[in-house]
Structure formats: structure tokens, C-alpha cells
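Encoded as C-alpha cells, the structure appears first; notes follow it.
Protein chains: 2
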Amino acid sequence: MSGLVMPKADAATMSRRTEIVAALQAIVPGEGVVDITNEMRAFESDALTAYHQLPLVVVLPQTVRQVSQILKYCHDNNVKVVPRGSGTSLSGGALPLEDAVLLVMSRFNRILEIDYPNRVAVVQPGVTNLGITKAVEHEGFYYAPDPSSQIACSIGGNVAENSGGVHCLKYGLTANNVLGLEMVLISGEVVRLGGKHLDSEGYDLLGLMTGSEGLLGVVTEVTVRILQKPATARALMVGFPTSETAGQCVADIIAAGIIPGGMEMMDRPAIHAAEDFVHAGYPLDVEALLIIELDGPAVEVNHLIDMVEKIAGKNGASSCVISQSEEERMTFWAGRKAAFPAVGRISPDYLCMDGTIPRKELPQVLAGMRALSEKYGLRVANVFHAGDGNLHPLILYDANIPDQLRKAEDFGADILRLCVKVGGVLTGEHGVGVEKRDLMPEMFNEIDLNQQIRVKCAFDDKHLLNPGKVFPQLHRCAELGRMHVHRGQVPFPDIPRF
Amino acid sequence: MSGLVMPKADAATMSRRTEIVAALQAIVPGEGVVDITNEMRAFESDALTAYHQLPLVVVLPQTVRQVSQILKYCHDNNVKVVPRGSGTSLSGGALPLEDAVLLVMSRFNRILEIDYPNRVAVVQPGVTNLGITKAVEHEGFYYAPDPSSQIACSIGGNVAENSGGVHCLKYGLTANNVLGLEMVLISGEVVRLGGKHLDSEGYDLLGLMTGSEGLLGVVTEVTVRILQKPATARALMVGFPTSETAGQCVADIIAAGIIPGGMEMMDRPAIHAAEDFVHAGYPLDVEALLIIELDGPAVEVNHLIDMVEKIAGKNGASSCVISQSEEERMTFWAGRKAAFPAVGRISPDYLCMDGTIPRKELPQVLAGMRALSEKYGLRVANVFHAGDGNLHPLILYDANIPDQLRKAEDFGADILRLCVKVGGVLTGEHGVGVEKRDLMPEMFNEIDLNQQIRVKCAFDDKHLLNPGKVFPQLHRCAELGRMHVHRGQVPFPDIPRF
Numbered sequence: 001m002s003g004l005v006m007p008k009a010d011a012a013t014m015s016r017r018t019e020i021v022a023a024l025q026a027i028v029p030g031e032g033v034v035d036i037t038n039e040m041r042a043f044e045s046d047a048l049t050a051y052h053q054l055p056l057v058v059v060l061p062q063t064v065r066q067v068s069q070i071l072k073y074c075h076d077n078n079v080k081v082v083p084r085g086s087g088t089s090l091s092g093g094a095l096p097l098e099d100a101v102l103l104v105m106s107r108f109n110r111i112l113e114i115d116y117p118n119r120v121a122v123v124q125p126g127v128t129n130l131g132i133t134k135a136v137e138h139e140g141f142y143y144a145p146d147p148s149s150q151i152a153c154s155i156g157g158n159v160a161e162n163s164g165g166v167h168c169l170k171y172g173l174t175a176n177n178v179l180g181l182e183m184v185l186i187s188g189e190v191v192r193l194g195g196k197h198l199d200s201e202g203y204d205l206l207g208l209m210t211g212s213e214g215l216l217g218v219v220t221e222v223t224v225r226i227l228q229k230p231a232t233a234r235a236l237m238v239g240f241p242t243s244e245t246a247g248q249c250v251a252d253i254i255a256a257g258i259i260p261g262g263m264e265m266m267d268r269p270a271i272h273a274a275e276d277f278v279h280a281g282y283p284l285d286v287e288a289l290l291i292i293e294l295d296g297p298a299v300e301v302n303h304l305i306d307m308v309e310k311i312a313g314k315n316g317a318s319s320c321v322i323s324q325s326e327e328e329r330m331t332f333w334a335g336r337k338a339a340f341p342a343v344g345r346i347s348p349d350y351l352c353m354d355g356t357i358p359r360k361e362l363p364q365v366l367a368g369m370r371a372l373s374e375k376y377g378l379r380v381a382n383v384f385h386a387g388d389g390n391l392h393p394l395i396l397y398d399a400n401i402p403d404q405l406r407k408a409e410d411f412g413a414d415i416l417r418l419c420v421k422v423g424g425v426l427t428g429e430h431g432v433g434v435e436k437r438d439l440m441p442e443m444f445n446e447i448d449l450n451q452q453i454r455v456k457c458a459f460d461d462k463h464l465l466n467p468g469k470v471f472p473q474l475h476r477c478a479e480l481g482r483m484h485v486h487r488g489q490v491p492f493p494d495i496p497r498f
Numbered sequence: 001m002s003g004l005v006m007p008k009a010d011a012a013t014m015s016r017r018t019e020i021v022a023a024l025q026a027i028v029p030g031e032g033v034v035d036i037t038n039e040m041r042a043f044e045s046d047a048l049t050a051y052h053q054l055p056l057v058v059v060l061p062q063t064v065r066q067v068s069q070i071l072k073y074c075h076d077n078n079v080k081v082v083p084r085g086s087g088t089s090l091s092g093g094a095l096p097l098e099d100a101v102l103l104v105m106s107r108f109n110r111i112l113e114i115d116y117p118n119r120v121a122v123v124q125p126g127v128t129n130l131g132i133t134k135a136v137e138h139e140g141f142y143y144a145p146d147p148s149s150q151i152a153c154s155i156g157g158n159v160a161e162n163s164g165g166v167h168c169l170k171y172g173l174t175a176n177n178v179l180g181l182e183m184v185l186i187s188g189e190v191v192r193l194g195g196k197h198l199d200s201e202g203y204d205l206l207g208l209m210t211g212s213e214g215l216l217g218v219v220t221e222v223t224v225r226i227l228q229k230p231a232t233a234r235a236l237m238v239g240f241p242t243s244e245t246a247g248q249c250v251a252d253i254i255a256a257g258i259i260p261g262g263m264e265m266m267d268r269p270a271i272h273a274a275e276d277f278v279h280a281g282y283p284l285d286v287e288a289l290l291i292i293e294l295d296g297p298a299v300e301v302n303h304l305i306d307m308v309e310k311i312a313g314k315n316g317a318s319s320c321v322i323s324q325s326e327e328e329r330m331t332f333w334a335g336r337k338a339a340f341p342a343v344g345r346i347s348p349d350y351l352c353m354d355g356t357i358p359r360k361e362l363p364q365v366l367a368g369m370r371a372l373s374e375k376y377g378l379r380v381a382n383v384f385h386a387g388d389g390n391l392h393p394l395i396l397y398d399a400n401i402p403d404q405l406r407k408a409e410d411f412g413a414d415i416l417r418l419c420v421k422v423g424g425v426l427t428g429e430h431g432v433g434v435e436k437r438d439l440m441p442e443m444f445n446e447i448d449l450n451q452q453i454r455v456k457c458a459f460d461d462k463h464l465l466n467p468g469k470v471f472p473q474l475h476r477c478a479e480l481g482r483m484h485v486h487r488g489q490v491p492f493p494d495i496p497r498f
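Given below as C-alpha cells:
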């Protein structure tokens, strides 16, 4: 990443800045346009904090009509646009560009409708993830996907990144919990996708938008599924002498037909860092710790707790504590939820990676990571959604030691290559953004990438939306677009080579 | 539908038939090309039996390479292609065209890999839905989505239609159970989407392909999730004096946080027809019958059965029988599963509709349907996936009475319009195909349809794949494609009007 090349700023756009600011001010009057450098500093990076960039100008619309007019203006005048929610992206997805308007959706912060009989909530995209749960919890409901940043991250950002969380093993990612979207195309046209019903005819553009990282359109309304809170939730905290046995325990639980509400693993460095920080009572003599939560009616939960305990015993668990109260359950989770800041206390800097692998490859990948750790001379702490096969290795480094950031990035890239090699993917829930952009060819060949870019072109043929993110190369529409020219009468040209 | 206009056959293609047949024979030697009229009759319709059409020629490839060569040949020579699995589509999705090659995937019938630790099976698209379960059931696993045609329908067809079934309420549609695809683009290029892992970076083309009705590419390999069979399954058969109370019972069960393995409703005409046919012991003095199945560990199932029984009682159920044996459970289902042929016994012909509505609108839609039944003078029997809000009204008519088919079709279209009006959609699981093609503008405006067609163009800009299906108008790529011409430097043109 330290070698990241972002698209060169367009000099013509830069020189037209005054004109662009005036046009945006005409669309969003009052305090909706921020063009003073000091005020723009608040927006210069997202949660991938190694990168900073001031935008051309910041605009904060309040109505769908304003979003439509802004996008139409940008489209007609060839101005780039970076959409942004709360700016908590871990992959640089909301990183501004020097020559792009930063379109901040934080003023779209209203809950529009809560429909309990149909179990859905209709909200604006700037509402926070936790804000949805807060709005329905008095009726015993909640919104299931729960990224660690849920207090701050917006539901619009969750849609852009297809965010996950601890409960996604059982309740699905954002994609499984979003039923409808209203979005504005770069042309300014407004499209509605899905609704309160199951499935829909036509292409699954709702699924396509979810996880599209701000490259296809700007979401202005989200309809999400809300779930009734389970009657009971209890957790087990199980220690293992090796990561391999913990991994096998995870596989056996799933193979037994049990889908826990959450099933998280931490390795020794993560356990020690978390225990030092929050004193959750974690065992310090183990190599791996599983936190397994079962939820549902009490009678079911108690039955499943017994089953999981037996499976853990069969896999050589060295300790097993079962929560006896809601307070104890929360304590088990406290360490896990604080693992990132805890690791921040034992190392000046860390890099959080996000790969996903088929579950059974876990021991192999952990062994490979240990070898890489020795090769690079950098420590790694592992915290992950074990049930999903979604790893979050934290690479510890010190930015003040020359070359360590570069080494950490190379280490991280090697971990992701390893994930791909065993049949996994580059990201589980953090997105590609700028961070993993240049690794996309590790995963996709030229045919795959060209087809993805053709889909991008079908939404945004000028590549004005969030350019420089996700795809390793830009400006391919025109070339791939040659096939569209002659009214379908000429043979398909060869796809240009990368 | 009786007024359906299909795209006019291309005279140039028709006159080149000998040349096309020879080219296909060179790609697929032996018995892989069928061009004799009598032999082609086997392929002239799908399960929307009111329509028949002989194809230009039938080709049955056996390898991915052959599929790639066939599509490349068709693309280079502007020949239309209709992909087909087992031909069980209820919406005419696999209906041949006079001037199109019918690409039949039935020889892709091998199970390639069963990976129990990762709980996935990798199969060729011609494997039947039930064939997957058959291949893994000795190990206690099964494939969850179970359309009524599961003994015959192919998994490739399931992907094309995003098929559902009785168990989709709890376990999801095809889209929720497919993890990976290999597909061939119309250019002949081979793309791999997803795999054995959760989620993926890049656009969700896997989701986009699922339910794309053969218009975007030809699937040559499918990776599906397999589930462990639940330890126990029990069913309740509950009768109600009105459809409204039955509908409220469904809503209350869901609101209580219970997700049954299946929750099906039948109305009086369907109950009587089914009971006369299979003698399942259905009560004949009720207006609506619910069959509700709970599955999981015995301790959970018994607890949930109690809860459901109480909820049914509170909603005024007039009868409630709980299965005491596996045999009794199967008897409860026998009537439901035979409902379509049972209705076939009480009416010379019937039309099976497929709309989906928000669950709480059920009473309103049922009342609307009764009014329409009087208006058209035609009976309607209702069988539906109540938990999903997915209705299957069966309109009874006699094709031998002049004008009754047209009346039945108008009645069906009015039912679907009613579904859309209350916030629902035109189809739950049968697809748009040719049947609902001309109703798409009821659901989507011009902006929506144009964006869908732009996506279609990103895969198949000449509209060679399954033309005449899904979209009410064809040949829009060239017009919409004008925006692609000038290398992104001209303003966005107005979208042409429909």
C-alpha cells in the first residue's frame, strides 16, 4: 500500500474548482458545501488511517433531489465523485481524491418507517448501524449485522461494503439483511431496487449494489430486515492447547448442524493483549481461545450448550467456562470486542487484514502465517470470525522504524495471497477499496476483471464514481465499450489485454 | 399471454440453417446435434405448456470447451441461443425460438466433488435438484431448496430461475445456497464466480447470475452449500374458519421469532381437491389449512410445537393435528405436494400464477382475488408458501370454451397487478420468462428497466442470449450504448423513451 499509486488529479478539474463550488452551493444552499481547507481536514481520511488526502470540495446534501442534481452536474461536467458515509472504511473506500467532490451522506440521518408486522425498517443511509437497533429495541427487535464500528458506521456504508460482524455466521452479512434500496445513478436518475417483499423479478441489482463500494451509484434509502431478539443467549469460553484443535472444534460444531449466534477465535498474542486490557478472565496458558454464543429459546440453548461442550471436550479443550448470567456473557465478549485497541497498546502500530478461507484450511493458513511472521520479523495477532472462515490478522509494526510499514504491507499481501491459494478470497467484510486494489489480479484473471468492469460501465461509463478504488486499472469503458458501437451488427472485438 | 408477441424470426438466420447445423456438428460430434423435426419435438415447450415452438436446431454439448465454442460461433455469426436445463420452467423461460439454437445442458450430469468438511458439493448444471440430495444423504446431508419439480428440474435451471420451494422460508432460495459458478459468456470466455468461501471481493456477479433467466451467460458448474439433515422434523396441520385468521396466525408465528422449516397455506378449493385425490385426512369444514413444519433437535422442536399450537389456538383454529410419526408427517405433506395435479382433476385446465407480497397484505389480496374471481366468472384455488408471502393462485378454466384462456390470462395479470399494488412483486420463484414479460412495466419504470438492460448489455450486447424473455422490449443496447461511444468525453444523452 505504501507504494499505492492513485489516479493523477485532473488539472482541468482543479482549475475549475471555483465554478464547481458555486454550482454545488446553488444546489445545496447554506452550510451544505465545505470548501475551506481547515474544515475539510475532518474528511481527509477514513479508518485506513495511513492515508490522507484533502478532497476538491465537500458537499452534504439533505434531499434525494439534491443528490440527483449533484450527480447530474458532476456527470454533465465530468467531475469525479467520492461517496462517503461515516468514513469508517478499513480499506480506504471513502478516501477522498484531490480532484473529486466528496459527497457526504451524513445528513440523511432519519428513520423513515418501522413496519413491525412485515419486520422491516426503512431508513436513510446516514443512520448508524446501531441506530437502527436503538430505534426498535424497545419492541424487542434488532438489526443483526454488527460490525465492530457499529456505533459509528452508517447503514449506507454497510451496504457499500457488505459489512459483516460477530453475528453474521447465523444471521448473514448486510446482503442477507437488506431488502430494498433507493439509489441515484451518476446520470441523476433515481432507481428503486427490491422492497419489503422476498425476492424480485428482473436482475438482482440489489445484490449487485451491496458490496459495490460506491462505484455504481449513491444509496439514498435502505430497507432492512429487523429480527426479534432471541429469548436467551449464552456463551462458552473454551481454551485449546493448539490453534489446530480449536479449528477442528469449529469444524465439528458446524458439522453437527449447530449454527452458533457467534463463534470467534483469538490466538495467544490476541488473548494476552485483550486480557491485559479488559481483564475478561481469559485463560493465559492456551494457544487459542474460542468464544461461542448460542441463542434462541432457553430449552434449545441449554441443549446446544451441552452439545458444544461435549464437542470441545472431544477436541482436547483445556478449559471451558459457560456463562451463568447476562453479565458474565458480556464479560466474555468484552475482551474480544476490545481486541483491536488492546493490540494497539502492545504495538505502536498495526495493520488489520481481512481474508476469508474455506473453514477447513484454517490450520494450514495459521501455519503459513507463522512462517511469514518469522520471514518478515514482525509479530502477528489473530482475531477472527472462525465460523465464517473470515480472518483478521493484525500485523504489529512500528512506523517510526524505517521500512517497517512497507514490510508490514508486504507481509499482509502475502497473507492474502495465501488465502487465495487455499481457495479463499482477499476480503470478507472490509472491502477492496484502495488497500487491496492492486491484489485483485491475484484473485481474478483478465476475463473476470473485464466482465466486472463491463458491469461498472453499465452504471458509470465515465468512471466518475469513486475512481481509483477496487479496480487495479481505470478507464477501460471506452475500450470495452467498442462492442456497443455498431448497433450489434459487427463481430465481437477481442477484449484488450491488460 | 395468448396475445404474446415473440420476436420475429430472422430470415437470414433461417436460410443459413444448414451452415449453422454443420458448424455445430463440427463442434459437438456424434449425437450431440438434433436437427430432425420429429426428434426436436421433445424440446418444443417447457412446463408453461400452453406454448410450443420448434427450435432452429438442438445442440447438447458435453464439455465446457464445446459450450465455449458454440457460444463463440453464435456470437461471431449473430445466431441467437436459448439455454435450457430440464425444461421445467413454469414461465416459458426455456421456450425455444424458431431462429435460435437450443443449447441443452442435460449431458452435464456429473457430480464433480463432495466436500463434507466445507459442506459443499460441486456439480454440473444438468444434475437434478434431487440428485444432489441423493448423492449426500447417506452421510446425513441434503440440498435445501426444494421446488415441486425437484425430481426433474436441473440445478442449472434452479440458478437461472432462483428457484424456491417449501423449505426456503428457513433455508433460503437458490441464491442463498449457491456459493460458486463457472459460466461461459456469449463471447465464449469462461468466468468463475465465487467458490467454497463466504462472500467475495468485486461485484456480486454470482448474485446477479442467479435468477438471470439465461440472458447473461451459460452456467457450466455450480458449487452449492449442503446442510446436515435436522435431527427431528414434526408438522402441525391446522384448520381455520377464515383465510384472514390463518393469515394472522402466520404473522404471529413469525412475530414470535419462530422460523418454521416450512409453512404452507391452502384454501378451501385446494383442500378439497387435494383431499379427494390423496386422502391425507385434511379437514373439509375449514376455509384455510396451514401445514407448519418445525425442524431441529427434538428438544427444540417439541418446544416450538407447543408455542405454535398456542398461537394457533389464540387465532381461533378450529382443528389442530400434530404429527406423531414420520409417516404421519409425510401424509400431511402428501396433499400439499399433490395439490397441483389434484386441481388438475377438478378442472380441464388451470393456470398457475406466482406473485409475492408483504406477508401482512395477505387478507387484502385474498379478498381482492375473490372479487376478481366473480368478475371473470372463473374459480381460483390457492396454494402458497405463506411464510414467504409467495402466492400460487391456480386459475381454473376450460381451454375448449372459447375465450376462457384469454379470460384466465387476464385474471392472472390482474392478480399480479394487485400483488404489485400492495408492495409485492410479479414473481416469487417461477421467473418472468415470456409469461410475465409484458407485465414488467407494471413493476418497473423506464429508468429501472433501462438500467437492467444496460447490465444485460454488459454481458450480451447483441441480445443473442434468450431473446424475447424477461424484457418487454428488445434491441435497446445500441441505443443505450450510445453513451459508450465517445470514450467518456461527451455529456450523457437522454435515455430514449419507451
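Listed in order, the protein sequences are those of chains H and R.
Everything in the first sequence is counted per our numbering, starting at 1 for the first residue and increasing by one.
Everything in the second sequence is counted per our numbering, starting at 1 for the first residue and increasing by one.
Glycine included, every Cβ here is placed at the ideal spot set by N, Cα and C.
- At least one C-beta of chain H is nearer than 8 Å to the C-beta of P358(R).
- With respect to the 8 Å criterion, L464(H) and V190(H) are not classified as neighbours on the basis of their beta carbons.
- Against chain R, the beta carbon of V191(H) has neighbours under 8 Å at I447, D448 and Q451, listed in chain order.
- Contact residues of the segment 430-445 of chain R toward chain H are G431, V432, K436, M440, M443 and F444 (C-beta to C-beta distance below 8 Å).
- Annotation: the continuous alpha helix (DSSP H) that includes C419(R) extends over Q404 to K421.
- Collapsing the DSSP output to three states places T133(H) in a helix.
- Per DSSP, reduced to three states, the secondary structure at G262(R) is strand.
- When the Cα atoms are used, I226(R) and L179(R) turn out to be separated by approximately 10 Å.
- Cβ contact annotation for A339(R) (same chain, cutoff 6 Å, sequence separation greater than five): A270, A274 and V383, in chain order.
- Looking from the CA of N466(H), the closest CA among V64(H), R192(H) and V104(H) belongs to V104(H).
- Distance from E287(R) to F240(R) at the Cβ level is roughly 6 Å; contact confirmed, criterion being Cβ atoms closer than 8 Å.
- Proximity of the segment 254-270 of chain R to the segment 370-390 of chain R meets the contact definition, three or more beta-carbon pairs being nearer than 8 Å.
- In this chain, the beta strand (DSSP E) harbouring T220(R) covers V218 to R225.
- Under the 8 Å criterion on CB atoms, H52(H) is classed as non-interfacial with respect to chain R.
- Using a Cβ-Cβ cut-off of 8 Å, R225(R) does not count as an interface residue toward chain H, since no Cβ of chain H sits closer than that to its own.
- Cβ atoms of E201(H) and M369(R) stay farther apart than 8 Å, at about 20 Å.
- Close CB contacts of P55(R) within its chain, under the 8 Å cut and outside five residues either way in sequence, are with M40, F43, E44, V82, P96, L97, E98, A100, V101 and L102 (chain order).
- Residue pairing of E113(H) in beta bridges, as defined by DSSP: V122(H).
- Pairing Q324(R) with H167(H), the inter-Cα distance amounts to about 35 Å.
- Within chain R, the residues placing a beta-carbon under 8 Å from that of I254(H) are R119, ordered along the chain.
- Chain-ordered, the chain H residues with CB closer than 9 Å to the CB of D204(R) read N162, A175, D204, G207, L208, M209, T210, G211 and S212.
- Assigned with DSSP and collapsed to three states, M353(H) falls in coil, not helix or strand.
- Between the segment 291-309 of chain R and the segment 354-367 of chain R, the count of Cβ pairs shorter than 8 Å is below three; the stretches do not touch.
- Separation of E300(H) and Y143(H) (C-alpha to C-alpha, rounded to the nearest whole angstrom) is 22 Å.
- For the set L378(H), N400(H), I401(H) and D403(H), the Cα lying nearest the Cα of L394(H) is the one of L378(H).
- Taking C-alpha positions only, D414(R) is separated from C320(R) by approximately 34 Å.
- In this structure S212(R) is in contact with Y203(H), their Cβ atoms being roughly 6 Å apart against a cut-off of 8 Å.
- Listed along the chain, the chain R residues whose CB falls inside 9 Å of the CB of G257(H) are G140, L227, Q228, K229, P230, A231, G296 and P297.
- The way I'd put it, the segment 392-409 of chain R doesn't touch the segment 162-177 of chain H; fewer than three beta-carbon pairs between them come closer than 8 Å.
- With its beta carbon at least 8 Å from every one in chain R, H167(H) lies outside the interface.
- Three or more beta-carbon pairs drawn from the segment 212-224 of chain H and the segment 143-163 of chain H are found closer than 8 Å, and the two stretches are therefore classed as touching.
- Nearest to R406(H) by alpha-carbon distance, out of E137(H), K314(H) and D349(H), is D349(H).
- Taking the CA atoms as reference points, G140(H) sits about 52 Å from M6(R).
- Per DSSP, E435(R) lies in no alpha helix (DSSP H) segment and is marked neither H nor E.
- For Q69(H), the three-state secondary structure derived from DSSP is helix.
- In this structure V33(H) is in contact with V59(H), their Cβ atoms being roughly 5 Å apart against a cut-off of 8 Å.
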